[in-house]
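FYI, the numbering used here numbers position 10 of the first sequence as 187, with every residue one higher than the one before it. For every residue, glycine included, the Cβ atom is placed at its ideal position computed from N, Cα and C. Accompanying notes for the structure given below.
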Amino acid sequence: MARNSGDMFAHLIAVVRRVPRGKVATYGDIAYAAGYPGAARQVAWALHQSSGAPWQRIVGAEGKILLAAEHGQEQRLRLQQEGVAFRGLRVDMKSHRAKLSDLRRSKGSHA
DNA sequence: GATATGACGTCAT
DNA sequence: CATGACGCCATAT
178 MARNSGDMFA HLIAVVRRVP RGKVATYGDI AYAAGYPGAA RQVAWALHQS SGAPWQRIVG
238 AEGKILLAAE HGQEQRLRLQ QEGVAFRGLR VDMKSHRAKL SDLRRSKGSH A
């Protein structure tokens, strides 16, 4: 089976869209949860290519915002508006990092 | 097909 | 914590 990049982006974006409001995920987490460990860079590409996805909820490792200055400012503002708390220049991942088990597929644990 | 680039991640210094 | 280096993978030229 081919697994073309088109499928890859679709899966990546699907996972991105699963990140709940008020929470965030890292590029690596998205790639891993989508089934493409190591494709963290492609997550960024997927966000470029797609529109409508909650790009603001995707941050770098340790909750660091990687976007360029102005866009980074916008991302931070948007996250704060969603209720995400910051710790210096990073998101308070300790409280706002989405769980991989929550991103993998809906369903999941049922209690 | 090769080289350079990028909203990455981890490790070493 | 900042910088440099390497690994990873798709895109642009």
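Outcome for residue i when other beta-carbon atoms lying within 10 angstroms are tallied against a minimum of 16
i: lysine 200; result: buried
i: proline 214; result: exposed
i: alanine 245; result: exposed
i: alanine 238; result: exposed
i: glycine 265; result: exposed
i: glycine 229; result: exposed
i: glycine 240; result: buried
Beta-carbon proximity of residue i to residue j, cut-off 8 Å
i: valine 268; j: leucine 256; result: yes
i: leucine 280; j: arginine 218; result: no
i: valine 261; j: histidine 248; result: no
i: glutamine 226; j: phenylalanine 263; result: no
i: glutamate 259; j: arginine 198; result: yes
Supposed contact pair residue j and residue i - C-beta distance, whole angstroms, cut 8 Å
i: isoleucine 207; j: isoleucine 235; result: 6 Å
i: valine 220; j: tyrosine 204; result: 4 Å
i: alanine 202; j: alanine 275; result: 5 Å
Where residue i falls: helix, strand or coil (DSSP)
i: valine 196; result: coil
i: alanine 202; result: strand
i: arginine 268; result: What sits at residue 268 in the sequence shown is valine, not arginine. Strand.
i: arginine 282; result: coil
Please specify which runs of the alpha helix (DSSP H), each continuous and at least 4 residues long, are wholly inside the stretch 232 to 259, giving them in chain order.
246 to 259
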